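What follows is a set of notes on a single structure, which appears directly below.
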Amino acid sequence: MSKALVIGIGNKFRGDDAAGLEVAQSLEKKLGTLVDFAYCQEDALDLMDIWSNREVVFLIDAVSSGKHEIGYIHRFLAHKEQIPSVFSNSSTHLINIAQVIELARTLGKLPAEVVLYGIEGKKYHLERDLSKTMQAKLSEVTEIIEKEIHKIV
Amino acid sequence: MKKRSDKKTKTINVNYLARVEGEGSLYVEIKDDQVQDVQLKIFEPPRFFEAFLRGRDFRETPDITARICGICPIAYQMSSVHAMEQALNVTVEGQLAELRRLIYCGEWIASHTLHIYMLHAPDFLGFPDAIKMAKEYPKEVERGLRLKKAGNSILSFMGGREIHPINVKVGGFYKIPDKKDFNQLVDELKWAREAAIETVRWVSGFDFPSFEKDYEFVSLVHPDRYPFDTGAIQSNKGLNITADQFDDHIEEFQVKHSNALQSKIKERGSYLTGPMARYALNYEKLPYIVKDLAKEIGFPEYCRNPFQSIIVRSLEVLFAIEESLMIIQNYEKPKTAAVPITPKASKGFAATEAPRGLLYHHYEIDKDGIIQLANIVPPTSQSQKSIEEDLGQYLQDYIQLPEGELTPKCEQFIRNYDPCISCAAHFVNLELKRS
Chain Z
1 MSKALVIGIG
11 NKFRGDDAAG
21 LEVAQSLEKK
31 LGTLVDFAYC
41 QEDALDLMDI
51 WSNREVVFLI
61 DAVSSGKHEI
71 GYIHRFLAHK
81 EQIPSVFSNS
91 STHLINIAQV
101 IELARTLGKL
111 PAEVVLYGIE
121 GKKYHLERDL
131 SKTMQAKLSE
141 VTEIIEKEIH
151 KIV
Chain L
1001 MKKRSDKKTK
1011 TINVNYLARV
1021 EGEGSLYVEI
1031 KDDQVQDVQL
1041 KIFEPPRFFE
1051 AFLRGRDFRE
1061 TPDITARICG
1071 ICPIAYQMSS
1081 VHAMEQALNV
1091 TVEGQLAELR
1101 RLIYCGEWIA
1111 SHTLHIYMLH
1121 APDFLGFPDA
1131 IKMAKEYPKE
1141 VERGLRLKKA
1151 GNSILSFMGG
1161 REIHPINVKV
1171 GGFYKIPDKK
1181 DFNQLVDELK
1191 WAREAAIETV
1201 RWVSGFDFPS
1211 FEKDYEFVSL
1221 VHPDRYPFDT
1231 GAIQSNKGLN
1241 ITADQFDDHI
1251 EEFQVKHSNA
1261 LQSKIKERGS
1271 YLTGPMARYA
1281 LNYEKLPYIV
1291 KDLAKEIGFP
1301 EYCRNPFQSI
1311 IVRSLEVLFA
1321 IEESLMIIQN
1331 YEKPKTAAVP
1341 ITPKASKGFA
1351 ATEAPRGLLY
1361 HHYEIDKDGI
1371 IQLANIVPPT
1381 SQSQKSIEED
1391 LGQYLQDYIQ
1401 LPEGELTPKC
1411 EQFIRNYDPC
1421 ISCAAHFVNL
1431 ELKRS
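Residue numbers (this note's numbering), protein chains in the order written: chain Z, 1 to 153; chain L, 1001 to 1435.
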């Protein structure tokens, strides 16, 4: 069985959109020997290549539902359920994550187990820094997802 | 979706096409069965980038401007380096120039294929999106994904990475490949050539609405080759200028409904850039494999129907693959990766062909190479006025349709022009008012 793969998704020049990348980077320092890590910036279609031949994949992205506090973690089992519209809106990816997952499902290219985490963000302007609230929440978010990964892997 | 309606006035509002690559919105007003107003509202970040560029070193332009667009970073890099090189009296020639054409090929292949397969084809086959289309056309969608990846592989190979490549610099490249390094690309590009031929045949079988316009097409025209980053700016109605004359003939102007400036030719008005313009003005320079295929499918040398731009894009994908293979075959590694550059106080101008059309850059730098002025006119801005006029003309024939049928027609029509706007146009709301 192939190693589980964690994919950080986002754009480091779009404020809170970098949250998925930063959480994945923090996790890599802690779990680098347990699971593999990859990063996807902007072209979400690359995900199908990145996760090919993997059975267990964790996707970490930023989202903007406007219904939750910054740092709230949305969690979906993408291999079992359709991805809600929260992953379609405010995407800075050319083809959004939800579309890529559904396309992969249709083409039979979705890994057996895909856990999708969406970190609620608010500020998606063209800038390099996360919002201060997101920065303050990152370690907590990282810890929660780390525990989840340990449960599965 | 918002709707307001009475019997005689329709107002169609497609709200928020908003990302760097083309976010904006669409507003159409119809009164007494006549299209009164079409407003394509695009919020173009290049204004922000122009301010951001001021005070930066001239060498930073390719890396900064690449951030303007995730779909066509090479176009921004190429226009910026050409403008800086013109300012500093530097000419990049020979194999370095060929490598620039090669990396541009990668961008055209990836960008066009994304548009053809993921955004545009579903319109003609009656699907709301590529996901639904993939259920009935899985082989075609997989072909499109692999073809796009072939373009991305050139970008990664030459640019260091697919998105916002980092290997392009003023004067050339930071690092250039050995001839043997290209082996990793060739087999896939040969597969891609066959896939591109299949793509042309596939899309040529679609049903296309009958719509034509007597466009003023504007593109680069090179005496010998299909244009990427060199050539004069020409049109089919007499425009023939160099990039440093762009501002003398092309006027940018504000419209109330959009943050983005629109463009027009001062003497005449709206114009269209992009694949249809390039194809119309440069058909003769296409390789035989492309021209023969165009003849095989009965496609003319001059296309005025924007719905058929999907065929033109497919032909350009084939061209870009053939061009890539030719460049790779003839490649001999140059002695240096870049020519030396010395800053001086000067002005530079350049236009190159982004996948979606002409991209003009103008810079002024001081004696130390610090940018004092930057002006960027993206293709979307240039074609915006024409798109508005075209949509008004097109909708006139469908004026009696209910709003539920008019909205998809508007969306599909916009998708004819530009992959960036097309992305954003999927997020639509409709307001329809009749009076």
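For each residue, glycine too, the CB sits at the ideal point set by N, CA and C.
Quantities reported herein were computed from a predicted structural model and do not represent experimental measurements.
Subject >> Any chain Z beta carbon closer than 8 Å to LYS1135 (chain L) >> reply: Residue 1135 (chain L) sits at position 135 when you count from the first residue of the second sequence. For LYS1135 (chain L), the answer is yes, since a Cβ of chain Z falls inside 8 Å of its Cβ.
**OP:** Establish whether the CB of MET48 (chain Z) and some CB of chain L are separated by less than 8 Å.
**Re:** Translated into the one-based positions of the first sequence, residue 48 (chain Z) becomes position 48. Yes - at least one Cβ of chain L is within 8 Å of the one on MET48 (chain Z).
Original post:
If we cut at 8 Å on Cβ distances, does ALA1130 (chain L) have a partner in chain Z?
Top reply: Along the second sequence, one-based indexing puts residue 1130 (chain L) at 130. Answer yes: the Cβ-Cβ gap between ALA1130 (chain L) and chain Z drops below 8 Å somewhere.
Subject >> Cutoff 8 Å: ARG1067 (chain L) Cβ touching any chain Z Cβ >> reply: Here residue 1067 (chain L) refers to the residue found at position 67 of the second sequence. ARG1067 (chain L) counts as touching chain Z.
Original post:
For THR92 (chain Z), which residues of its own chain have a beta-carbon under 6 Å away from its beta-carbon, when the five flanking residues on both sides are left out?
Top reply: Taking the first sequence and counting its residues from 1, the one referred to as residue 92 (chain Z) is at position 92. Low local confidence applies: a pLDDT of 47 at THR92 (chain Z) is under 50, so the model's placement there is unreliable, and no value is given.
Original post:
Name the DSSP beta bridge partners of ALA1354 (chain L), please?
Top reply: Position 354 of the second sequence, counting from 1, holds the residue named residue 1354 (chain L). Partner(s): L:GLY1357.
**OP:** Using a Cβ-Cβ cut-off of 8 Å, state whether PHE37 (chain Z) counts as contacting chain L.
**Re:** The residue labelled residue 37 (chain Z) in the question sits at position 37 within the first sequence. It does not: the Cβ of PHE37 (chain Z) has no partner Cβ on chain L nearer than 8 Å.
**OP:** Please name the residue, chosen from L:ASN1236, L:SER1263 and L:HIS1257, that lies closest to ASP1247 (chain L) on a Cα-to-Cα basis.
**Re:** Locating residue 1247 (chain L) in the second sequence gives position 247, where the first residue counts as 1. That would be L:SER1263, whose Cα lies nearest to the Cα of ASP1247 (chain L).
Original post:
Between the beta-carbon of GLU44 (chain Z) and the beta-carbon of HIS79 (chain Z), is there less than 8 Å?
Top reply: For this step, residue 44 (chain Z) is matched to residue 44 along the first sequence. For this step, residue 79 (chain Z) is matched to residue 79 along the first sequence. The question names Glu, but residue 44 (chain Z) is Ala in the sequence shown. Result no, Cβ atoms of ALA44 (chain Z) and HIS79 (chain Z) do not sit closer than 8 Å.
Original post:
Helix, strand or coil: how does DSSP classify ASP1397 (chain L) here?
Top reply: Here residue 1397 (chain L) corresponds to residue number 397 of the second sequence, with the count starting at 1. DSSP places ASP1397 (chain L) in helix when its eight states are reduced to three.
Original post:
Does any C-beta atom of chain Z lie closer than 8 Å to the C-beta of LYS1291 (chain L)?
Top reply: In the second sequence, residue 1291 (chain L) corresponds to position 291, counting from 1. Not one chain Z Cβ lies under 8 Å of LYS1291 (chain L).
Subject >> DSSP three-state assignment for ALA38 (chain Z), whether helix, strand or coil >> reply: By 1-based counting over the first sequence, the position of residue 38 (chain Z) is 38. ALA38 (chain Z) falls in the strand class under three-state DSSP.
Original post:
Hey, ALA19 (chain Z) and ILE119 (chain Z): beta-carbon distance below 8 Å or not?
Top reply: Reading the first sequence from its first residue, position 19 is the one you call residue 19 (chain Z). Reading the first sequence from its first residue, position 119 is the one you call residue 119 (chain Z). Taking 8 Å as the Cβ cut-off, ALA19 (chain Z) and ILE119 (chain Z) qualify as a contacting pair.
Subject >> Nonlocal neighbours in the same chain, by C-beta distance under 6 Å from SER1079 (chain L), ignoring five residues either side >> reply: By 1-based counting over the second sequence, the position of residue 1079 (chain L) is 79. Excluding sequence neighbours, SER1079 (chain L) sits near ALA1350, THR1352, LEU1359 and HIS1361.
**OP:** Compute the beta-carbon to beta-carbon distance between LEU1096 (chain L) and THR1342 (chain L), rounded to the nearest angstrom, for a pair I have assumed lies under 8 Å.
**Re:** Locating residue 1096 (chain L) in the second sequence gives position 96, counting from the first residue. Locating residue 1342 (chain L) in the second sequence gives position 342, counting from the first residue. Contact flag wrong, Cβ pair sits at about 18 Å.
Original post:
Is the CB of ARG1415 (chain L) under 8 Å away from at least one CB in chain Z?
Top reply: Taking the second sequence and counting its residues from 1, one reaches residue 1415 (chain L) at position 415. For ARG1415 (chain L), the answer is no, since every Cβ of chain Z falls outside 8 Å of its Cβ.
Subject >> 6 Å CB neighbourhood of LEU1373 (chain L) in its chain, flanking five on each side removed >> reply: Here residue 1373 (chain L) refers to the residue found at position 373 when the second sequence is read from its first residue. GLU1364.
Original post:
Could you check where the alpha helix (DSSP H) with ILE974 (chain L) kicks off and where it finishes?
Top reply: Since the first residue of chain L shown is 1001 and the last is 1435, residue 974 (chain L) is not available in this structure.
Original post:
What's the C-alpha gap between LYS123 (chain Z) and GLU81 (chain Z)?
Top reply: Residue numbering aside, residue 123 (chain Z) sits at position 123 when the first sequence is read from its first letter. Residue numbering aside, residue 81 (chain Z) sits at position 81 when the first sequence is read from its first letter. Taking the straight line joining both Cα atoms gives about 28 Å.
Original post:
According to the neighbour-count rule (16 or more other Cβ atoms, all chains shown, within 10 Å of its Cβ), is PHE1253 (chain L) buried or exposed?
Top reply: Residue numbering aside, residue 1253 (chain L) sits at position 253 when the second sequence is read from its first letter. Exposed is the call here.
Original post:
Does any CB atom of chain L fall closer than 8 Å to the CB of ILE83 (chain Z)?
Top reply: Position 83 of the first sequence holds residue 83 (chain Z). So no, ILE83 (chain Z) is outside the interface.
Subject >> For LEU34 (chain Z) and GLY71 (chain Z), the rounded distance between their alpha carbons >> reply: In the first sequence, residue 71 (chain Z) corresponds to position 71, counting from 1. In the first sequence, residue 34 (chain Z) corresponds to position 34, counting from 1. Taking the straight line from one Cα to the other gives about 25 Å.
Subject >> Residue interval of the beta strand (DSSP E) (run including HIS1249 (chain L)) >> reply: Position 249 of the second sequence holds residue 1249 (chain L). Not the beta strand (DSSP E): HIS1249 (chain L) falls in the alpha helix (DSSP H), residues 1246-1249.
**OP:** List the residues of chain Z that MET1118 (chain L) touches, going by C-beta distances under 7 Å, in chain order.
**Re:** Residue mapping note: residue 1118 (chain L) aligns to position 118 of the second sequence, counting from 1. In chain order: ILE95.
Original post:
If we call anything under 8 Å between Cβ atoms a contact, is PHE1307 (chain L) one with TYR1104 (chain L)?
Top reply: Taking the second sequence and counting its residues from 1, the one referred to as residue 1307 (chain L) is at position 307. Taking the second sequence and counting its residues from 1, the one referred to as residue 1104 (chain L) is at position 104. Contact flag unset, no.
Original post:
On the three-pair Cβ rule with 8 Å, is the stretch 1051-1070 of chain L touching the stretch 1282-1291 of chain L?
Top reply: no
**OP:** Answer with yes or no whether the minimum CB distance from GLN99 (chain Z) to chain L is below 8 Å.
**Re:** Taking the first sequence and counting its residues from 1, the one referred to as residue 99 (chain Z) is at position 99. Closer than 8 Å: yes.
Original post:
Is the Cβ of GLU102 (chain Z) closer than 8 Å to any Cβ of chain L?
Top reply: For the purposes of this step, residue 102 (chain Z) is taken as the residue at position 102 of the first sequence. Interface residue, yes.
Original post:
Considering only the beta carbon of each residue, do ALA1196 (chain L) and ILE1321 (chain L) sit closer than 8 Å?
Top reply: Taking the second sequence and counting its residues from 1, one reaches residue 1196 (chain L) at position 196. Taking the second sequence and counting its residues from 1, one reaches residue 1321 (chain L) at position 321. In this structure, ILE1321 (chain L) lies closer than 8 Å to ALA1196 (chain L) by Cβ.
Original post:
Would a check of beta-carbon distances place LEU59 (chain Z) closer than 8 Å to chain L?
Top reply: For the purposes of this step, residue 59 (chain Z) is taken as residue 59 along the first sequence, with counting starting at 1. Judged by the 8 Å Cβ criterion, LEU59 (chain Z) is not in contact with chain L.
Subject >> Residue environment, ASP1390 (chain L), which counts as buried when at least 16 other CB atoms sit within 10 Å >> reply: Residue numbering aside, residue 1390 (chain L) sits at position 390 when the second sequence is read from its first letter. So ASP1390 (chain L) counts as buried.
Original post:
Could one say the Cβ of THR106 (chain Z) lies closer than 8 Å to chain L's Cβ atoms, at least one of them?
Top reply: Residue mapping note: residue 106 (chain Z) aligns to position 106 of the first sequence, counting from 1. By this cut-off, THR106 (chain Z) is an interface position.
**OP:** May I ask which residues mark the beginning and end of the beta strand (DSSP E) holding SER1219 (chain L)?
**Re:** What you label residue 1219 (chain L) is simply residue 219 of the second sequence in a count that begins at 1. First-last of the beta strand (DSSP E) with SER1219 (chain L): 1218-1221.
**OP:** Check whether the stretch 1235-1242 of chain L touches the stretch 1288-1296 of chain L, counting contact only when three or more Cβ pairs, one atom from each stretch, lie closer than 8 Å.
**Re:** no
Subject >> Completely contained beta strand (DSSP E) runs for the stretch 1023-1081 of chain L, where each covers 3 or more residues >> reply: 1024-1031 and 1034-1042
**OP:** Enumerate in chain order the residues of its own chain whose CB-to-CB distance from GLU1098 (chain L) is below 6 Å, with the five nearest sequence positions on each side excluded.
**Re:** As a working mapping, residue 1098 (chain L) is identified with position 98 in the second sequence. Once the five neighbours on either side are set aside, the close Cβ partners of GLU1098 (chain L) are ILE1327.
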